[in-house]
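Numbering follows the numbering used here, with no gaps: position 258 of the sequence shown is 264.
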Amino acid sequence: MGTSALESSFLMNYQLYSTRRQFIGHLAAITGAAFVAQPYPIFSATSQGRKIPVILTTDIGDDIDDTWALGLLLKSPELDLKLAVGDYGKQEYRAKLLAKFLKTVGHGNIPVGMGVDVEPRGEGPQAPWVKDFELSSYPGKVHQDGIGIMIETIMSSPQPVTLIAIGPMPNVAAALTREPRIAKKARLVGMYGSVQRGYDGSATVSAEWNVKADPKSCQKAFTAPWEIMITPLDTCALVTLDGERYKRIHDSKELIPATIIENYRLWSKASNPQNTVAEMRSSVLFDTVAVYLACSQELCKMRSVGIRVTDDGFTRTDDQAKKVNAAVEWKNLDAYRDLLVARLTGR
């Protein structure tokens with residue numbers, strides 16, 4: 007299948023410099039706790055010279071920022087990717103994207119999982135890139151039961167696992183339902199919600215896409231007894247690359263940035279073959295910030311805040327709700343942009 011009507015409509019409007027999540031956010035928008043400087047103690051593995059074991063669950067293949075985030079994860083020496091699982095439907099499409107990307111950039115040993123079979127089904131804007139790719143050609147293991155291998159990876163890990171979630175969360179909800187004990191052996195770090203600001207830095211909070219697409223799953227994840235850290239729109243919606251920073255990514259011969267740009271070109275042209283935005287600047291790179299937070303929070307102001315997920319997809323502050331550690335503001339956004347470019351290009 008091709009892109010959905012919503013994706014097609016979005017891509018036609020991309021010249022206005024929106025992303026899929028921004029577009030949905032614009033349609034959906036309706037309307038002092040202490041700062042936390044240090045990561046959670048049990049996850050400060052890098053301070054002891056150990057990598058942090060990570061599982062990535064992602065709706066890769068819809069917005070392009072998931073592809074950028076996967077590249078950043080692989081280029082983050084603090085993190086050890088144990089498993090990558092496609093989330094929010096489109097099982098085979100997402101598994102193929104994960105597997106081909108990992109194989110292409112030299113990480114074909116990392117297991118890939120297929121997420122739960124939920125709507126939406128079919129493919130998306132990056133489908134041409136995996137048109138002739140067969141999962142059977144992947145040198146690593148492809149798990150049909152992505153939920154089962156998520157649970158097994160967490161429960162068998164000698165260290166606590168960081169679950170980086172950068173899409174709607176039916177996988178996470180299913181894993182918690184099947185094995186609630188994972189919450190005692192993992193933390194959730196993700197790109198979710200809108201605390202003080204919405205899309206485009208608006209002072210009006212938004213029903214952010216990852217939450218709005220599946221509020222019930224997000225409610226389950228946000229009330230589970232594990233530690234949660236998020237980048238809401240307050241911070242992640244401000245991340246773009248242009249000018250010399252983008253040129254360094256665009257022109258890089260390194261495998262990871264070159265593979266990202268190859269996919270970005272296909273994604274941006276899915277509904278308009280004349281679209282040249284991929285030659286000039288990035289889209290909004292929301293999901294990369296979740297990967298960064300899994301390593302460090304140095305460049306963000308972190309606030310411990312009670313978050314209640316509503317049925318209409320908002321993340322409302324509520325002193326009675328479970329506390330999450332939220333990146334509510336940048337200390338130095340340009341430093342993050344520089345870090346992102348340096349990591350992806352290796353220089």
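All C-beta atoms, glycine included, are put in the ideal place defined by N, C-alpha and C.
Nearest-angstrom Cα separation, counted from residue j out to residue i
i	j	result
glycine 154	glutamine 165	19 Å
alanine 90	threonine 63	6 Å
arginine 251	tyrosine 298	18 Å
glutamate 304	proline 238	16 Å
threonine 294	leucine 78	7 Å
alanine 296	glutamine 280	32 Å
lysine 147	threonine 210	44 Å
threonine 316	tryptophan 215	13 Å
leucine 291	valine 347	12 Å
isoleucine 116	proline 59	12 Å
arginine 254	aspartate 324	43 Å
serine 274	tryptophan 336	28 Å
threonine 246	serine 289	6 Å
glycine 121	leucine 85	22 Å
serine 302	arginine 309	14 Å
alanine 219	arginine 343	28 Å
lysine 57	alanine 300	11 Å
lysine 307	leucine 339	11 Å
aspartate 318	arginine 353	43 Å
glycine 114	proline 145	6 Å
isoleucine 234	leucine 169	10 Å
glycine 312	glutamate 98	36 Å
lysine 109	threonine 282	27 Å
arginine 127	glycine 95	6 Å
arginine 314	threonine 321	6 Å
glycine 152	aspartate 123	10 Å
tyrosine 270	alanine 284	6 Å
Run of the beta strand (DSSP E) containing residue i, from where it starts to where it stops
i	result
methionine 175	Looking at the DSSP string, methionine 175 is not in any beta strand (DSSP E), and its letter there is neither H nor E.
glycine 312	306-315
threonine 282	Where threonine 282 is concerned, there is no enclosing beta strand (DSSP E), given that its DSSP letter is neither H nor E.
threonine 73	Unbroken run through threonine 73 is the alpha helix (DSSP H), 71-80; no beta strand (DSSP E).
threonine 323	321-323
8 Å contact criterion, which residue i and residue j should meet: CB distance rounded
i	j	result
glycine 199	alanine 243	About 11 Å; that fails the 8 Å criterion.
aspartate 248	arginine 203	In fact, because the Cβ distance is near 21 Å, the residues do not count as touching under 8 Å.
aspartate 240	valine 195	That pair is no contact at about 16 Å.
alanine 192	leucine 182	About 10 Å; that fails the 8 Å criterion.
valine 111	leucine 272	Actually they do not touch by this definition, with Cβ atoms about 16 Å apart.
lysine 88	leucine 350	The Cβ separation is near 21 Å, so there is no contact.
methionine 156	isoleucine 236	Contact flag wrong, Cβ pair sits at about 19 Å.
Residue i - DSSP class collapsed to helix/strand/coil
i	result
isoleucine 266	helix
alanine 243	coil
threonine 64	strand
threonine 237	coil
glutamate 260	coil
alanine 332	strand
valine 167	strand
lysine 88	strand
arginine 56	coil
arginine 251	helix
valine 201	coil
valine 136	helix
glycine 196	strand
proline 83	coil
Boundaries of the alpha helix (DSSP H) in which residue i is found, first to last residue
i	result
lysine 109	97-110
alanine 189	Run containing alanine 189: none; DSSP gives neither H nor E here.
arginine 349	339-351
threonine 294	294-301
threonine 229	221-229
lysine 218	215-218
methionine 120	Per DSSP, methionine 120 belongs to no alpha helix (DSSP H) and is neither H nor E.
glycine 154	152-162
8 Å Cβ cutoff, residue i in contact with chain B
i	result
phenylalanine 320	The question asks about chain B, but that chain is absent: this structure has only one protein chain.
heavy atom of the ligand MG below 7 Å from residue i C-beta
i	result
proline 145	Only the bare structure without any ligand can be found here, which leaves the ligand MG out of the picture.
Inset, instruction - Pair every Cβ in the stretch 224-232 with every Cβ in the stretch 174-187, then say whether three or more of these pairs are closer than 8 Å. - result: The stretch 224-232, when compared against the stretch 174-187, does touch it at the 8 Å Cβ threshold.
Inset, instruction - Would you check if the stretch 67-83 and the stretch 120-138 touch, i.e. whether three or more CB-CB distances between them fall below 8 Å? - result: Because the criterion of three Cβ pairs below 8 Å is met, the stretch 120-138 and the stretch 67-83 touch.
Legend entry - Segment contact, 8 Å Cβ cut-off, at least three pairs: the stretch 72-91 with the stretch 259-275: Note that the stretch 72-91 touches the stretch 259-275; at least 3 beta-carbon pairs, one per stretch, sit closer than 8 Å.
Legend entry - At least three beta-carbon pairs within less than 8 Å, the stretch 313-328 to the stretch 226-235: Cβ pair count under 8 Å is three or more, so yes.
Inset, instruction - Tell me, please, whether the stretch 94-106 touches the stretch 135-144 by the rule of three or more beta-carbon pairs shorter than 8 Å. - result: Yes: the two stretches touch, three or more of their Cβ pairs being nearer than 8 Å.
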